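Enquirer: Structure provided below as structure tokens; questions to follow.
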Amino acid sequence: MTAKCVSRVVALEEAFLHPRVWDLYPESLRRRYQPIKARLSDVGAERVRAMDAAGIDVQVLSHVQPGVQILADDQAALAVAVCREVNDWLADAIASYPDRLAGFAMLPTQAPAQAADELERTVRELGFKGALINGHTNGRYLDDPSYDVLLGTAEALGVPIYLHPTDPPTAISDVYYAPFDSALVPTWGWPVETGTHVLRLICAGAFDRHPNLKIVIGHLGELLPYCFTRLNAGVTMANWLLGAESRNSVGHYLRNNIYMTSSGVFDVPVFDCARSMLGLGNLMFSVDYPFQDNFTAMEFLERCDLSASDKERFAHGTAEILLGLGNQQSSRVRPGVGAAWYRLRSRAKSKLGRALVSALVG
Numbered sequence: 014m015t016a017k018c019v020s021r022v023v024a025l026e027e028a029f030l031h032p033r034v035w036d037l038y039p040e041s042l043r044r045r046y047q048p049i050k051a052r053l054s055d056v057g058a059e060r061v062r063a064m065d066a067a068g069i070d071v072q073v074l075s076h077v078q079p080g081v082q083i084l085a086d087d088q089a090a091l092a093v094a095v096c097r098e099v100n101d102w103l104a105d106a107i108a109s110y111p112d113r114l115a116g117f118a119m120l121p122t123q124a125p126a127q128a129a130d131e132l133e134r135t136v137r138e139l140g141f142k143g144a145l146i147n148g149h150t151n152g153r154y155l156d157d158p159s160y161d162v163l164l165g166t167a168e169a170l171g172v173p174i175y176l177h178p179t180d181p182p183t184a185i186s187d188v189y190y191a192p193f194d195s196a197l198v199p200t201w202g203w204p205v206e207t208g209t210h211v212l213r214l215i216c217a218g219a220f221d222r223h224p225n226l227k228i229v230i231g232h233l234g235e236l237l238p239y240c241f242t243r244l245n246a247g248v249t250m251a252n253w254l255l256g257a258e259s260r261n262s263v264g265h266y267l268r269n270n271i272y273m274t275s276s277g278v279f280d281v282p283v284f285d286c287a288r289s290m291l292g293l294g295n296l297m298f299s300v301d302y303p304f305q306d307n308f309t310a311m312e313f314l315e316r317c318d319l320s321a322s323d324k325e326r327f328a329h330g331t332a333e334i335l336l337g338l339g340n341q342q343s344s345r346v347r348p349g350v351g352a353a354w355y356r357l358r359s360r361a362k363s364k365l366g367r368a369l370v371s372a373l374v375g
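When the letters of the sequence shown are read in order and numbered with my numbering, they come out as residues 14 to 375.
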């Protein structure tokens with residue numbers, strides 16, 4: 014293990030690949046992942062050795078994008094079955110290295126209610142720390158009303174949703190990026206796509222309906238910190254004038270509901286921008302292994318101009334609190350509270366009815 018500048022390091026956006034999902038991928042995706050397929054597929058000794066060599070203590074594993082979200086909406090039953098198989102397999106892998114590995118669930122987002130059920134199952138029964146969702150599902154984003162049950166379940170369980178980039182809808186890619194899409198989509202299109210997804214959630218009032226919902230994004234904020242001042246003024250005013258669902262400033266939601274990791278972006282000036290705009294408490298370390306190099310990420314951590322205590326907070330402290338690391342189940346999960354509770358509450362017709370349901374379950 015190399016010497017490191019902190020006592021512990023947790024990395025949150027670390028990919029794996031399951032053969033069941035590999036079989037679903039088209040040849041174009043297989044070509045993209047083939048050079049690193051062996052490292053993606055390993056969730057055992059070789060991965061842990063690579064962590065040891067760089068000084069990384071914990072990886073939170075999530076399936077490489079797009080996962081089952083590659084399936085059409087009419088293949089929801091297949092998505093549900095594959096998610097359950099892959100999540101169970103991941104839980105078994107984590108059980109071999111419980112102090113080194115943790116997991117984010119893969120969810121069948123073609124079927125929002127069943128996605129909520131799978132999130133609850135993986136958190137309660139498998140000890141997962143949340144879920145990772147790869148952007149839109151067949152052009153449908155998380156601000157769609159059908160996903161309210163999923164967002165509400167995540168909030169009730171006290172676990173975050175990691176919002177990972179995916180390719181924009183084809184119509185957007187064709188107009189914006191073709192014929193250069195292979196170069197421009199992963200480098201520019203993904204950050205724009207994910208940052209826009211967060212703004213859609215804000216404008217739709219998702220965080221007003223779910224004030225304790227936490228969303229995690231990578232790449233040091235998917236361009237949002239750089240545009241913070243303009244967004245905070247312009248979008249906030251436009252929402253107020255148009256009577257949008259959001260009741261607070263954009264900055265309020267970015268600071269209270271959004272966490273950002275350093276996955277794939279190891280530039281200190283970019284980190285300083287995010288810290289300046291949003292504060293250190295919203296930032297967490299990540300690598301994006303095996304697409305990015307563990308050693309490069311650790312060198313970035315060392316270069317960050319932070320006090321010793323702040324560097325510990327960035328490297329592991331905030332993640333441990335957000336994810337409840339060290340607990341098989343997050344301490345924020347209330348017994349009996351989850352998808353069923355949220356559905357019951359959402360069916361209550363009045364504010365009084367919803368308040369009574371909330372009071373009954375604590």
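Every residue gets a Cβ at the ideal spot worked out from N, C-alpha and C, and that includes glycine.
Bear in mind that the values here come from a model prediction, so they are computed numbers and not experimental data.
Report, in whole angstroms, the separation of the C-beta atoms of I230 and S259, which I expect to be a contact under 8 Å.
Expert: For the purposes of this step, residue 230 is taken as residue 217 along the sequence shown, with counting starting at 1. For the purposes of this step, residue 259 is taken as residue 246 along the sequence shown, with counting starting at 1. No, I230 and S259 are not in contact; Cβ-Cβ is about 18 Å, not under 8 Å.
Enquirer: Once you ignore the five residues that flank S186 on each side, which residues in its own chain have a CB closer than 8 Å to its CB?
Expert: The count along the sequence shown starts at 1 and reaches residue 186 at position 173. So the qualifying residues of the chain are D180, D194, V198 and G202.
Enquirer: Please list, in chain order, all residues of the same chain as T135 whose beta carbon is under 8 Å from its beta carbon, the five residues on each side excluded.
Expert: Residue 135 sits at position 122 when you count from the first residue of the sequence shown. Answer for T135: N100, A104, G116, A118, F141 and A144, listed in chain order.
Enquirer: Can you name, in chain order, every residue of its own chain whose Cβ lies under 7 Å from the Cβ of Y38, other than the five neighbours on each side?
Expert: Counting from 1 along the sequence shown, the entry for residue 38 is found at position 25. For Y38, where only same-chain residues beyond five positions count, the Cβ hits under 7 Å are I83.
Enquirer: Do you know offhand how far I69's Cα is from R326's?
Expert: Locating residue 69 in the sequence shown gives position 56, where the first residue counts as 1. Locating residue 326 in the sequence shown gives position 313, where the first residue counts as 1. Going from the Cα of I69 to the Cα of R326 covers about 15 Å.
Enquirer: Confirm, please, whether the CB-CB distance from Q88 to E27 is below 7 Å.
Expert: For the purposes of this step, residue 27 is identified with residue 14 of the sequence shown, where counting begins at 1. For the purposes of this step, residue 88 is identified with residue 75 of the sequence shown, where counting begins at 1. It is not a contact, given that the beta carbons lie outside the stated cut-off.
Enquirer: How about N295 and Y266: do their beta carbons lie closer than 7 Å?
Expert: Here the question's residue 295 lines up with position 282 in the sequence shown. Here the question's residue 266 lines up with position 253 in the sequence shown. No, they are not a contact pair.
Enquirer: So the alpha helix (DSSP H) M119 belongs to, where does it begin and stop?
Expert: By one-based count along the sequence shown, residue 119 stands at place 106. No alpha helix (DSSP H) contains M119, which DSSP labels as neither H nor E.
Enquirer: Starting from S54, follow the alpha helix (DSSP H) in both directions and report where the run begins and ends.
Expert: In the sequence shown, counting from the first residue as 1, residue 54 sits at position 41. Looking at the DSSP string, the run of the alpha helix (DSSP H) that includes S54 is K50 to S54.
Enquirer: Is S299 closer than 7 Å to S275 when the C-beta atoms are compared?
Expert: Locating residue 275 in the sequence shown gives position 262, counting from the first residue. Locating residue 299 in the sequence shown gives position 286, counting from the first residue. The answer is yes: Cβ separation under 7 Å.
Enquirer: How would you label G80, buried or exposed, when you count the other beta carbons within 10 angstroms and need 16 or more for buried?
Expert: By 1-based counting over the sequence shown, the position of residue 80 is 67. With 16 or more Cβ atoms within 10 Å of its Cβ, G80 is classed as buried.
Enquirer: As a quick exercise: from D55, N307, Y160 and T242, pick the residue whose alpha carbon is nearest that of L291.
Expert: Counting from 1 along the sequence shown, the entry for residue 291 is found at position 278. Checked all of D55, N307, Y160 and T242; the closest Cα to L291 is T242.
Enquirer: How would you label P178, buried or exposed, when you count the other beta carbons within 10 angstroms and need 16 or more for buried?
Expert: By 1-based counting over the sequence shown, the position of residue 178 is 165. Buried.
Enquirer: Tell me the DSSP secondary structure of Q47 in three-state form.
Expert: Taking the first residue of the sequence shown as 1, we reach residue 47 at position 34. Looking at Q47 - three-state DSSP - the assignment turns out to be helix.
Enquirer: Based on Cα-Cα distance, which residue from R316, H31, L53 and R45 lies nearest to P303?
Expert: Residue numbering aside, residue 303 sits at position 290 when the sequence shown is read from its first letter. Comparing Cα-Cα distances from P303 to each of R316, H31, L53 and R45, the minimum goes to L53.
Enquirer: With H, G and I counted as helix, E and B as strand and the rest as coil, what does DSSP make of N261?
Expert: Stepping through the sequence shown from its first residue, residue 261 is reached at position 248. In the structure shown, N261 sits in coil (DSSP, three-state: anything other than H, G, I, E or B).
Enquirer: Mind checking whether L139 and L120 have CB atoms under 7 Å apart?
Expert: Within the sequence shown, residue 139 is the residue found at index 126, counting from 1. Within the sequence shown, residue 120 is the residue found at index 107, counting from 1. In this structure, L120 does not lie closer than 7 Å to L139 by Cβ.
Enquirer: Between D161, H210 and P182, which has its C-alpha nearest R222's C-alpha?
Expert: Reading the sequence shown from its first residue, position 209 is the one you call residue 222. When each option's Cα is compared against that of R222, the closest is D161.
Enquirer: Using a Cβ cut-off of 7 Å (strictly closer), state whether S109 contacts chain C.
Expert: Protein chains in the displayed structure number just one, and chain C is not present.
Enquirer: Can you tell me whether N225 is buried or exposed? The criterion is at least 16 other CB atoms within 10 Å of its CB, across all chains shown.
Expert: Here residue 225 corresponds to residue number 212 of the sequence shown, with the count starting at 1. N225 comes out exposed.
Enquirer: Would you call the stretch 44-51 and the stretch 281-291 in contact, with 3 or more CB pairs under 8 Å?
Expert: Counting Cβ pairs under 8 Å, fewer than three are found: no touch.
Enquirer: Leaving aside the five residues before and after V95 along the sequence, list all residues of the same chain whose C-beta is less than 7 Å from its C-beta, in chain order.
Expert: Here residue 95 is taken as the residue at index 82 of the sequence shown, counted from 1. The answer, listed in chain order, is R33, V34 and V81.
Enquirer: Counting only the same chain and skipping the five closest in sequence on each side, list residues whose C-beta sits under 6 Å from that of S344.
Expert: Reading the sequence shown from its first residue, position 331 is the one you call residue 344. Bear in mind that the predicted position of S344 carries a pLDDT of just 34, short of 50, making it too unreliable to give a figure here.
Enquirer: So, at 6 Å on beta carbons, what are the nonlocal neighbours of V56 in its own chain, with the 5 sequence-adjacent residues on each side left out?
Expert: Translated into the one-based positions of the sequence shown, residue 56 becomes position 43. Excluding sequence neighbours, V56 sits near F29 and A106.
Enquirer: Just verifying my parser: in three-state terms, what is the DSSP assignment at G366?
Expert: Your numbering for residue 366 matches position 353 in the sequence shown. Reliability of the predicted coordinates at G366 is poor, the pLDDT of 49 falling under 50, and the value obtained from them is presented with this limitation in mind. Helix.
Enquirer: Cα separation between V19 and L114?
Expert: Within the sequence shown, the letter at position 6 stands for residue 19. Within the sequence shown, the letter at position 101 stands for residue 114. Taking the straight line from one Cα to the other gives about 19 Å.
Enquirer: Suppose you measure from the CA of G171 to the CA of P192; what does that come to, to the nearest Å?
Expert: Looking up residue 171 in the sequence shown gives position 158. Looking up residue 192 in the sequence shown gives position 179. If you take the alpha carbons of G171 and P192, they lie about 43 Å apart.
Enquirer: Would you list the residues sitting across from M297 in a DSSP beta bridge?
Expert: Translated into positions along the sequence shown, residue 297 becomes position 284. In the DSSP output, where bridge partners are listed per residue, M297 has T274.
Enquirer: According to the neighbour-count rule (16 or more other Cβ atoms, all chains shown, within 10 Å of its Cβ), is A246 buried or exposed?
Expert: Position 233 of the sequence shown, counted from the start, is the residue given in the question as residue 246. With fewer than 16 other Cβ atoms within 10 Å, it is exposed.
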